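Here is the structure we will look at, set down as structure tokens.
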Amino acid sequence: MEKKHQYRGLTKQEVEESRRLHGENVLTPPQKASLWSQFLEKFEDPIIRILLVAWLLSMIIAGVHCWGPEAKGFTAFLEPIGIFFAIMLASCVGFFFEVKANKAFDILNTVNDDILVKVIRDGNICQIPKKEVVVGDIVVLETGEEIPADGHLLEAISLQINESTLTGEPIISKTTNEADFDTEATYPSNVVMRGTTVVDGHGVMQVEKVGDATGYGKVYEGSQIESDVETPLQIQLKGLAGVISKAGYTIAGVTFIALTVKFLLSDSFPGMPAMDIIAHILNYFMVAVTLIVVSVPEGLPMSVTLSLALSMNRMLKTNNLVRKMHACETMGATTVICTDKTGTLTQNQMQVYQTNFYNLKEQKLGEDELSNLIKEGISTNSTAFLDFSEEKVKTLGNPTEAALLLWLNGQHQNYLELRENATILDQLTFSTERKYMATIVQSPLLGKKVLYVKGAPEIVLAKSNRVAIDGTCKPVAECKAGIEKQLLDYQNQAMRTLGFAYQIIEDGKDETFFVEGRLHDTDLTYLGIVAISDPVRADVPPAVQSCLNAGINVKIVTGDTPGTAKEIGRQIGTWKTDDSDRNIITGPAFEALSDQEALERVLDLKIMCRARPTDKQRLVQLLQQKGAVVAVTGDGTNDAPALKAAQVGLSMGDGTSVAKEASDITIIDNSFSSITRAVMWGRSLYRNIQKFLLFQLTINVAACLIVLLGSLLGTESPLTITQMLWVNLIMDTFAAGALASLPPNERVMKDKPRRSGKDGDFIITRPMAYNIFGVGFAFVVILMGLLFYFHAQDGLTPHDLSWFFSFFVMLQFWNMFNAKAFMEGRSAFANLKDSKSFLLVALLILIGQYLIVTFGGEMFSVIPLSLRDWAIIIGSSSLVLWIGELFRLSKR
35 MEKKHQYRGL TKQEVEESRR LHGENVLTPP QKASLWSQFL EKFEDPIIRI
85 LLVAWLLSMI IAGVHCWGPE AKGFTAFLEP IGIFFAIMLA SCVGFFFEVK
135 ANKAFDILNT VNDDILVKVI RDGNICQIPK KEVVVGDIVV LETGEEIPAD
185 GHLLEAISLQ INESTLTGEP IISKTTNEAD FDTEATYPSN VVMRGTTVVD
235 GHGVMQVEKV GDATGYGKVY EGSQIESDVE TPLQIQLKGL AGVISKAGYT
285 IAGVTFIALT VKFLLSDSFP GMPAMDIIAH ILNYFMVAVT LIVVSVPEGL
335 PMSVTLSLAL SMNRMLKTNN LVRKMHACET MGATTVICTD KTGTLTQNQM
385 QVYQTNFYNL KEQKLGEDEL SNLIKEGIST NSTAFLDFSE EKVKTLGNPT
435 EAALLLWLNG QHQNYLELRE NATILDQLTF STERKYMATI VQSPLLGKKV
485 LYVKGAPEIV LAKSNRVAID GTCKPVAECK AGIEKQLLDY QNQAMRTLGF
535 AYQIIEDGKD ETFFVEGRLH DTDLTYLGIV AISDPVRADV PPAVQSCLNA
585 GINVKIVTGD TPGTAKEIGR QIGTWKTDDS DRNIITGPAF EALSDQEALE
635 RVLDLKIMCR ARPTDKQRLV QLLQQKGAVV AVTGDGTNDA PALKAAQVGL
685 SMGDGTSVAK EASDITIIDN SFSSITRAVM WGRSLYRNIQ KFLLFQLTIN
735 VAACLIVLLG SLLGTESPLT ITQMLWVNLI MDTFAAGALA SLPPNERVMK
785 DKPRRSGKDG DFIITRPMAY NIFGVGFAFV VILMGLLFYF HAQDGLTPHD
835 LSWFFSFFVM LQFWNMFNAK AFMEGRSAFA NLKDSKSFLL VALLILIGQY
885 LIVTFGGEMF SVIPLSLRDW AIIIGSSSLV LWIGELFRLS KR
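Below, the structure written as structure tokens:
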């Protein structure tokens with residue numbers, strides 16, 4: 035390939051020596067926890083820990099029953115084995131889905147270190163993979179290319195860099211001319227950084243740092259610091275575990291004391307041998323321990339894990355790749371979303387909003403000639419390109435120039451054909467110093483030479499001699515006020531504006547218009563204005579409104595100007611005309627506030643503009659201090675600290691690897707509406723967990739009271755260990771699957787967020803508690819009445835026990851439908867066609883119960899029941915559902 039000026043670059047030996055001294059140009063991946071430690075993490079769940087205690091206690095009971103006076107043998111261990119499998123199943127399901135999500139994430143987040151980079155070595159330009167770049171290499175930079183490492187510029191021609199991955203700034207001008215250095219720039223004007231992209235111009239750089247030593251590498255390393263922010267669900271499950279522990283131990287203690295006192299006051303106590311007394315007291319202790327085991331909801335960890343795991347899988351279909359399971363539910367507890375602007379609220383694609391080209395009749399140009407001036411001027415006086423290789427047209431080069439080409443393409447004009455047909459005689463590319471671009475072409479459309487000028491409207495207008503408006507050419511001075519008003523209107527709408535001018539060069543006039551990089555001695559006619567914007571995504575305003583209706587504050591955090599941020603806020607519905615300066619702040623002004631001043635203002639803020647990474651992180655932490663549950667969106671390396679600090683970090687699918695690594699959920703399609711769907715999923719999921727708790731704890735209350743009353747009244751529990759295993763494990767697990775799989779409900783977006791934190795809402799609400807104890811007590815009254823009825827007949831026969839067992843299960847079966855309808859405000863039969871998993875589980879419970887009673891025999895202490903028995907059991911127990919339906923109808 036050709037040589038690049040005088041540069042020779044490194045020799046092969048120098049490359050090897052540099053690699054030995056400074057290392058390779060690769061980022062060290064974050065140290066990930068081993069699979070074993072990830073698995074052990076699942077046992078940190080407070081409910082799982084209670085279950086482990088219950089399992090140990092049930093093992094002790096089983097040991098006593100196995101080798102004690104009753105000698106039940108191995109069957110005594112069925113319940114502890116069941117509890118153990120419940121623990122392992124809940125842990126393994128969670129572990130499996132998180133590992134699966136992380137694998138999908140790793141595939142999505144693969145950083146391609148094999149992208150080819152142009153370097154000069156031994157005096158020749160050659161292409162090498164990015165990972166092979168070393169310190170000292172001379173790299174040739176072209177538009178659209180990513181900077182492979184940190185270094186300083188040797189050449190810069192109209193060079194503009196997108197530094198948004200590091201600083202949030204989309205376009206930064208770079209130069210090697212010290213006189214043009216920007217003293218306020220984050221990085222020196224002659225320095226380029228790894229991970230940034232060339233958006234315009236070209237240059238040559240010399241590499242100074244590679245791999246982990248680069249600025250990108252340092253931020254990447256810093257983003258690995260673990261966040262210890264507890265999720266709302268973790269806080270609430272801890273609270274629930276505490277309540278269950280206290281309740282279980284209190285009931286067990288009261289039962290043990292009551293039974294002991296009853297025994298001590300009985301007629302048989304005086305004169306009883308000491309060993310018999312110890313045996314009785316030990317038996318009462320076992321009853322108390324059994325109550326602790328019964329009070330623990332074995333199905334809860336399964337329900338939570340299944341709900342989260344199912345949501346992880348389903349949310350992927352709505353473009354939410356969830357990496358951490360609890361993030362599913364935490365989205366539902368979110369009270370504040372701090373969103374960036376570009377790419378999330380807007381399309382991240384500059385487009386022409388409006389064209390305003392003036393009438394040129396006075397110049398004796400027909401409509402065709404006017405059209406030719408416009409389309410040829412846009413095509414030739416440009417350095418941007420369009421890529422048609424994919425279904426969606428991609429833009430290459432300066433985003434503003436590319437927007438003009440997209441507009442032209444929308445007018446069914448082939449810009450490339452126009453550009454290639456015209457002969458470009460001379461060109462001044464755009465620079466931030468002169469703020470315009472000029473090109474002289476030999477126009478095949480007009481048959482003459484034409485000078486096209488495009489740039490900042492006020493600069494181009496100042497260089498023009500006339501403006502053609504309403505069929506006449508007028509001096510610039512007469513039209514200036516009207517044009518400036520029009521520009522102000524566009525700028526108030528956060529539009530970028532471009533002015534266009536031209537000059538037809540008559541034959542024989544070979545004047546020099548470009549002198550020392552500037553326009554000189556021209557006679558320009560102002561052609562018009564084009565307003566360009568990064569339009570708001572069509573789905574964003576309704577999605578934001580949905581969040582606002584749900585009581586979630588949406589705060590815009592952007593590096594853009596206050597004017598642009600306000601306009602975007604107005605378009606999406608967060609910024610109102612009566613909002614004041616208290617609702618908006620710049621990054622530097624926010625930094626200047628003390629923590630106390632910032633805390634007083636932080637909830638009122640709607641927009642933070644000119645924001646830097648530290649401002650965004652501080653905003654998140656202050657919001658959390660005010661009790662907010664914060665979700666943060668971000669796509670740049672600079673967003674990583676805030677993504678880590680938030681309860682839920684939401685990275686964008688096309689964001690940097692550092693942002694994705696720091697996040698909990700990746701929004702694959704970059705859309706705010708996907709975030710809203712994640713909130714709906716989270717709230718529905720939490721509600722499903724509450725429904726399962728309602729169902730599970732109702733069973734537990736009934737079971738506890740039956741064991742308690744049975745022991746106090748001196749009757750054996752009518753449910754055997756194996757029957758309780760079916761009720762407590764299999765049915766609970768099935769019910770967990772049924773209630774966890776209920777589809778999300780759009781109605782949850784009309785509710786306000788629940789209060790989180792240590793003083794937040796308890797997971798069991800007051801209506802739930804009334805329902806649990808009310809229904810639980812009702813079940814106990816019915817079941818104890820049934821027991822006394824059987825006793826009054828001929829005592830408890832095997833038929834009675836089978837009947838009682840089936841009736842107990844069917845009560846819970848119908849109550850599962852009531853749990854499905856809880857908090858929905860509609861019938862249990864509503865939306866059944868979308869609840870196929872629920873119906874399948876209901877069918878499995880029915881079939882399972884029939885098979886156990888029909889074929890369980892000695893193992894389950896049952897005998898087959900007649901069809902008449904089944905009809906009476908199913909019919910009478912279904913009153914639970916019909917009473918529930920009547921109650922819901924009356925409330926509606």
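Just so you know, we're using this note's numbering here: the sequence shown kicks off at 35 and counts up by one.
Quick reminder that beta carbons are idealized off the backbone N, C-alpha and C, glycines included.
Only a predicted model underlies this, so the values are computations on that prediction, with no experimental measurement involved.
Taking one C-beta from the region 438-446 and one from the region 458-473 each time, how about it: are there three or more such pairs within less than 8 Å? no
Can you check which of these residues, VAL484, GLN383 and MET349, is closest to ASN415 by C-alpha distance? By one-based count along the sequence shown, residue 415 stands at place 381. With distances taken between Cα atoms, ASN415 lies closest to VAL484.
Option in LEU821, THR248, ASP828 and ASN852 with minimal Cα separation from PHE839: Start at 1 with the first residue of the sequence shown, and residue 839 comes out as number 805. Measuring from the Cα of PHE839, the nearest candidate turns out to be LEU821.
Out of curiosity, what's the CA-to-CA distance linking TYR387 and ARG571? Looking up residue 387 in the sequence shown gives position 353. Looking up residue 571 in the sequence shown gives position 537. Distance between the alpha carbons of TYR387 and ARG571 is about 14 Å.
Cβ pair count under 8 Å reaching 3, the region 449-459 against the region 205-215: They do not touch, by the three-pair rule.
Contacting residues, own chain, Cβ-Cβ under 6 Å from LYS428 (five flanking each side not counted): By 1-based counting over the sequence shown, the position of residue 428 is 394. Excluding positions up to five away in sequence, the list reads ASP421.
Within the region 214-292, note down every full alpha helix (DSSP H) run reaching 4 residues or more, in order along the chain. 249-256
Run through the DSSP bridge pairs and tell me what PHE548 is partnered with. For the purposes of this step, residue 548 is taken as residue 514 along the sequence shown, with counting starting at 1. Looking at the DSSP assignment, PHE548 forms a beta bridge with LEU553.
Measure the C-alpha to C-alpha separation of LEU835 and LEU880 and round it to an integer number of angstroms. Taking the sequence shown and counting its residues from 1, one reaches residue 835 at position 801. Taking the sequence shown and counting its residues from 1, one reaches residue 880 at position 846. LEU835 and LEU880: Cα-Cα distance of roughly 18 Å.
Unbroken stretches of the beta strand (DSSP E), 3 residues or longer, contained in the region 476-507: 482-489 and 498-503
LEU915 vs ASN865 beta-carbon contact at 8 Å: Position 881 of the sequence shown, counted from the first residue, corresponds to residue 915. Position 831 of the sequence shown, counted from the first residue, corresponds to residue 865. Contact flag unset, no.
Comparing C-alpha positions only, which one of ASN382, GLY808, LEU627 and ASP669 sits nearest to LEU739? Residue 739 sits at position 705 when you count from the first residue of the sequence shown. Closest by alpha carbon: GLY808.
Can you tell me whether GLY593 is helix, strand or coil according to DSSP? Position 559 of the sequence shown, counted from the first residue, corresponds to residue 593. Coil, per DSSP.
Through-space distance from TYR41 to MET239, alpha-carbon basis: For the purposes of this step, residue 239 is taken as residue 205 along the sequence shown, with counting starting at 1. For the purposes of this step, residue 41 is taken as residue 7 along the sequence shown, with counting starting at 1. C-alpha separation (whole angstroms): 11 Å.
According to DSSP, residues forming a beta bridge with PRO163: The residue you call residue 163 lines up with position 129 of the sequence shown. According to DSSP, PRO163 bridges with LEU150.
Excluding the 5 residues preceding and the 5 following LEU899 in the sequence, name in chain order all residues of the same chain whose CB lies nearer than 7 Å to its CB. Position 865 of the sequence shown, counting from 1, holds the residue named residue 899. Cβ within range, chain order: SER836, TRP837, SER840 and VAL887.
Stretch pair the region 340-357 + the region 553-567: three plus CB contacts closer than 8 Å: no
On the three-state DSSP scale, how would you describe THR732? For this step, residue 732 is matched to residue 698 along the sequence shown. In this structure, THR732 counts as helix in the three-state DSSP scheme.
Buried or exposed, going by whether 16 or more other CB atoms sit within 10 Å of the CB of PRO969? Because the chain is modelled from 35 through 926, residue 969 falls outside the range shown and cannot be assessed.
Excluding five sequence neighbours on each side, which residues of the same chain lie with their C-beta closer than 8 Å to the C-beta of PRO596? Along the sequence shown, one-based indexing puts residue 596 at 562. Within the same chain, PRO596 has close Cβ partners ILE618, THR620, ILE641, CYS643 and ARG644.
Report back the beta-carbon spacing between LEU325 and GLY282 to the nearest angstrom; my notes put them in contact at under 8 Å. As a first step, residue 325 is located in the sequence shown; it is residue number 291 there, counting from the start. As a first step, residue 282 is located in the sequence shown; it is residue number 248 there, counting from the start. Rounded, the Cβ-Cβ distance is 7 Å, consistent with contact.
Report back the beta-carbon spacing between ALA769 and PHE796 to the nearest angstrom; my notes put them in contact at under 8 Å. Residue mapping note: residue 769 aligns to position 735 of the sequence shown, counting from 1. Residue mapping note: residue 796 aligns to position 762 of the sequence shown, counting from 1. For ALA769 against PHE796, the beta-carbon gap comes to about 22 Å, at or over 8 Å, which does not count as contact.
Straight-line CA distance for ALA680 to ILE172? Reading the sequence shown from its first residue, position 646 is the one you call residue 680. Reading the sequence shown from its first residue, position 138 is the one you call residue 172. One C-alpha to the other measures close to 40 Å.
Is the region 710-718 touching the region 777-784, taking contact as three or more C-beta pairs under 8 Å? yes
Terminal residues of the beta strand (DSSP E) in which ASP615 lies: Stepping through the sequence shown from its first residue, residue 615 is reached at position 581. Note, ASP615: premise wrong, no beta strand (DSSP E); not H, not E.
Mapping the DSSP letters down to three states, classify VAL782 as helix, strand or coil. In the sequence shown, counting from the first residue as 1, residue 782 sits at position 748. In the structure shown, VAL782 sits in a helix (DSSP, three-state: H, G or I).
The alpha helix (DSSP H) with LEU821 in it runs from where to where? The residue given as residue 821 occupies position 787 in the sequence shown. First-last of the alpha helix (DSSP H) with LEU821: 800-828.
Can ARG652 and ARG635 be called in contact, C-beta distance under 8 Å? For the purposes of this step, residue 652 is taken as residue 618 along the sequence shown, with counting starting at 1. For the purposes of this step, residue 635 is taken as residue 601 along the sequence shown, with counting starting at 1. No, they are not a contact pair.
Suppose only complete runs of 4+ residues qualify. What are the alpha helix (DSSP H) ranges in the region 879-908, listed by chain order? 891-894
For ALA456, which residues of its own chain have a beta-carbon under 7 Å away from its beta-carbon, when the five flanking residues on both sides are left out? Indexing the sequence shown from 1 puts residue 456 at position 422. Excluding positions up to five away in sequence, the list reads GLU410, THR414, VAL475, GLN476, SER477 and PRO478.
What residues in its chain sit with their C-beta under 8 Å from that of LYS46, if we drop five residues either side in the sequence? By 1-based counting over the sequence shown, the position of residue 46 is 12. Taken in chain order, the residues that qualify are ARG155 and ASP156.
Counting Cβ pairs, one atom from each stretch, are 3 or more of them under 8 Å apart for the region 219-239 and the region 186-201? yes
Excluding sequence positions up to five away, which residues of its chain have a Cβ less than 8 Å from the Cβ of PHE319? Taking the sequence shown and counting its residues from 1, one reaches residue 319 at position 285. Cβ within range, chain order: PHE290.
What span of residues does the alpha helix (DSSP H) with ASP629 cover, start to end? Here residue 629 is taken as the residue at index 595 of the sequence shown, counted from 1. Unbroken alpha helix (DSSP H) run through ASP629: 629-635.
Between the C-alpha atoms of ALA322 and LYS358, what's the straight-line distance to the nearest angstrom? Stepping through the sequence shown from its first residue, residue 322 is reached at position 288. Stepping through the sequence shown from its first residue, residue 358 is reached at position 324. Rounded to whole angstroms, ALA322 to LYS358 spans 38 Å at the Cα level.
Report the rounded CA-to-CA distance for LEU582 versus ARG788, giving the unit in angstroms. Residue numbering aside, residue 582 sits at position 548 when the sequence shown is read from its first letter. Residue numbering aside, residue 788 sits at position 754 when the sequence shown is read from its first letter. A direct Cα-Cα distance of roughly 14 Å separates LEU582 from ARG788.
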